[in-house]
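Residue numbers (the numbering used here): 48 to 371. Note sheet for the following structure.
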Amino acid sequence: MNPPNASPPLVAVLGPTAAGKSALGVFLSSQLGGDVVACDSTQLYRGFDIGTAKPTTMERSAIPHHLLDVLGAQDTATAGGYRQMALVVLADLRARGRLPVFTVGTGLYLRALLEGLADVPQRSEELRERLRLTAQAHGPRHLHGILSRLDGEAAHKISAADEQKLIRAIEVCLLAKVPLTKLQRSGRSPLQGWRALKIGLAPKREALHQRIHARTDAMLEKGWLEEVRALLDSGMPEDAKPFDFIGYRELRAVLHGRSQLEEARATIQQATRRYAKRQLTWFRREPNVHWIAGFGDDPPVQQAALQWLRQQGLQARGEEARRV
RNA sequence: GGACGGGUGGGUGAGUGGCUAAAACCAGCAGACUGUAAAUCUGCCGCUCCUUGCGGGCUACGGAGGUUCGAAUCCUCCCCCGUCCA
48 MNPPNASPPL
58 VAVLGPTAAG
68 KSALGVFLSS
78 QLGGDVVACD
88 STQLYRGFDI
98 GTAKPTTMER
108 SAIPHHLLDV
118 LGAQDTATAG
128 GYRQMALVVL
138 ADLRARGRLP
148 VFTVGTGLYL
158 RALLEGLADV
168 PQRSEELRER
178 LRLTAQAHGP
188 RHLHGILSRL
198 DGEAAHKISA
208 ADEQKLIRAI
218 EVCLLAKVPL
228 TKLQRSGRSP
238 LQGWRALKIG
248 LAPKREALHQ
258 RIHARTDAML
268 EKGWLEEVRA
278 LLDSGMPEDA
288 KPFDFIGYRE
298 LRAVLHGRSQ
308 LEEARATIQQ
318 ATRRYAKRQL
328 TWFRREPNVH
338 WIAGFGDDPP
348 VQQAALQWLR
358 QQGLQARGEE
368 ARRV
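Shown next as structure tokens:
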């Protein structure tokens with residue numbers, strides 16, 4: 048029985064960094080005939096491998112991975128850009144009958160994909176530069192004043208100190224010649240034709256911290272510092288976005304002699320802990336997540352995830368063929 | 001043994017008689033976030049009580065005494081740390 052749902056399923060594995068999302072993604076893909084699709088703003092960048100915890104070459108040769116290494120250091124990753132690319136991947140997987148298994152560390156990107164974004168103008172670097180300069184000259188509060196005139200409601204929601212969000216809001220109002228709030232109210236365009244099954248990994252905080260520390264040590268042992276040195280030596284501009292990712296900025300300081308490796312190690316671990324916390328805050332609000340307590344590389348957790356997906360109507364690899 | 005300097009809330013560290021539960025920063029906790037999101041920003045952050053209020057009580061600036069209406073801030077003794085002289 049069990050009439051197949053109208054839309055084919057898509058799996059999303061979400062959770063804080065170092066929770067084992069990649070491992071679970073690979074496992075589920077292998078069991079269910081899927082491809083892994085990374086949903087992580089940092090893994091998009093080519094060459095930044097160790098510190099962004101990209102899946103190993105072994106994992107990647109066993110299961111096809113998508114949306115890794117698709118941007119150069121000088122490109123700018125954005126939620127909208129990610130959505131565009133992900134839609135192409137989804138179309139491709141659908142055509143080939145593969146199950147998409149997203150491993151998501153960047154909650155905003157998943158939301159952008161699933162729920163869409165309001166129809167607003169893209170970034171304008173020139174306009175941003177101008178706004179940044181006025182902020183420098185008159186302080187960020189000045190931007191807040193500007194936004195109040197353009198879109199009082201948006202200004203009310205954004206802190207006067209939040210230069211980044213103020214700039215984006217003003218940028219949109221100016222380019223669209225319509226208040227941002229109004230554009231957002233006109234709605235998003237959610238993803239059509241897919242049924243999202245979300246699995247959340249929720250290890251204990253204490254255990255997660257230990258993982259984070261150990262993983263940082265392992266990354267350094269694997270030659271993270273050398274990776275950064277090589278990237279720098281290859282002539283990439285140092286103000287390129289990925290050099291500001293956690294770890295890359297600290298190791299850059301080490302290479303410039305501005306700090307010691309041990310100092311950097313501690314800072315990286317701390318920054319990663321805080322990052323994990325922010326991810327958790329975001330994911331807590333994500334609707335319809337099936338939470339599993341534990342790490343994604345833990346067999347019982349993997350079985351629990353697989354079992355839940357089956358309950359949701361997913362067939363194991365092979366069963367699909369038999370059914371048809 | 002002697003001479004200085006110093007001991008402040010989880011950490012660093014301001015504060016030299018009342019406006020100080022004690023600046024600031026960090027850490028921690030909670031939260032926000034529709035195109036920079038590994039980003040950006042916000043709140044809380046001694047304990048406790050309630051009629052949750054710019055509310056009450058208690059504890060707190062190494063220890064013990066003292067001066068004072070009032071002390072982290074002044075005095076005495078003691079303990080500890082650092083530097084220097086023996």
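Idealized CB from N, CA, C, for every residue including glycine. What you are looking at is a predicted structure, and each value in this text was computed from that prediction instead of being measured.
> Alpha carbon to alpha carbon, how far is W338 from C86?
Replying inline: 18 Å
> Around the Cβ of Q78, are there at least 16 other Cβ atoms within 10 angstroms (buried) or fewer (exposed)?
Replying inline: buried
> Would you say D344 and G80 are within 8 Å of each other, going by their C-beta atoms?
Replying inline: no
>> Can you look up P328 in the DSSP assignment and give me helix, strand or coil?
In response: The question names Pro, yet the displayed sequence has Thr at residue 328. Three-state result, T328: helix.
> To the nearest angstrom, how far is it from the Cα of Q239 to the Cα of A313?
Replying inline: 44 Å
> I think L157 touches L61, with their Cβ atoms under 8 Å apart; what is that distance to the nearest whole Å?
Replying inline: 7 Å
> Tell me which same chain residues have a C-beta within less than 7 Å of the C-beta of A311, skipping the five on either side of it?
Replying inline: E297, L298, A300, V301
>> Quick check on this structure: which residue in A59, T64, T125 has the alpha carbon closest to the alpha carbon of R262?
In response: T64
> Which same chain residues, not among the five before or five after D264, have their C-beta less than 8 Å away from its C-beta?
Replying inline: R312
> Which runs of the beta strand (DSSP E), 3 residues or longer, sit entirely within the segment 50 to 96?
Replying inline: 56 to 61, 81 to 86
> Quick one: complete alpha helix (DSSP H) runs, 4+ long, within the segment 92 to 122?
Replying inline: 104 to 109
> Are the segment 91 to 106 and the segment 177 to 195 touching by the rule of at least three beta carbon pairs closer than 8 Å?
Replying inline: no
> Which residues in the same chain as P111 place their Cβ atom closer than 6 Å to its Cβ, once the five residues preceding and following it in sequence are excluded?
Replying inline: D82
>> Which complete beta strand (DSSP E) runs does the segment 126 to 197 hold, if anything under 3 residues is left out?
In response: 146 to 151
> In chain order, what residues of the same chain lie with their CB nearer than 6 Å to the CB of R369, ignoring the 5 residues before and after it?
Replying inline: Note that R369 scores 43 on pLDDT, short of 50, meaning its location in the model is unreliable; the coordinates nonetheless yield the value given after this. Excluding sequence neighbours, R369 sits near nothing in its chain.
> Taking Q307 as the reference, which of L272, H256, L230 has the closest Cα?
Replying inline: L272
> Between Q362 and R143, what straight-line distance do the alpha-carbon atoms span, to the nearest angstrom?
Replying inline: 16 Å
>> Measuring straight from C-alpha to C-alpha, what distance separates G341 and Q326?
In response: 16 Å
> What span of residues does the beta strand (DSSP E) with V301 cover, start to end?
Replying inline: Counting along the chain, V301 falls outside any beta strand (DSSP E), though it belongs to the alpha helix (DSSP H) covering 295 to 302.
> From I217 to L57, what does the alpha carbon distance come to, in whole angstroms?
Replying inline: 35 Å
> In chain order, what residues of the same chain lie with their CB nearer than 7 Å to the CB of R320, ignoring the 5 residues before and after it?
Replying inline: H256, I259
> Can you tell me whether N49 is buried or exposed, with buried defined as 16 or more other CB within 10 angstroms of its CB?
Replying inline: Low local confidence applies: a pLDDT of 46 at N49 is under 50, so the model's placement there is unreliable, with the coordinate-based value given in what follows. Result: exposed.
>> Going by beta-carbon coordinates alone, are G163 and E333 separated by less than 8 Å?
In response: no
> Cα separation between T123 and Q90?
Replying inline: 13 Å
> Between Q121, A243, L75, which lies nearest to N335 when the distance is taken from Cα to Cα?
Replying inline: A243
> If you drop the 5 nearest sequence neighbours on each side, which residues of the same chain put their C-beta closer than 7 Å to that of A182?
Replying inline: H189, L190, E210
> Pick from I246, P289, T104, L115: whose alpha carbon is nearest that of L353?
Replying inline: I246
>> Using a Cβ-Cβ cutoff of less than 7 Å, which residues in the same chain neighbour A202 once the five nearest sequence positions on both sides are dropped?
In response: H191, L194, S195
> Could you give the C-beta distance for A109 and Y129, rounded to a whole number, given that I count them as a contact under 8 Å?
Replying inline: In fact, because the Cβ distance is near 25 Å, the residues do not count as touching under 8 Å.
> Tell me which same chain residues have a C-beta within less than 8 Å of the C-beta of I214, skipping the five on either side of it?
Replying inline: R175, L178, R179, A182, L190
> Is I205 helix, strand or coil when you go by DSSP?
Replying inline: coil
> Once you ignore the five residues that flank L115 on each side, which residues in its own chain have a CB closer than 7 Å to its CB?
Replying inline: A85, Q90, K101
> Rounded C-beta distance between A120 and A287? I'm assuming under 8 Å.
Replying inline: 4 Å
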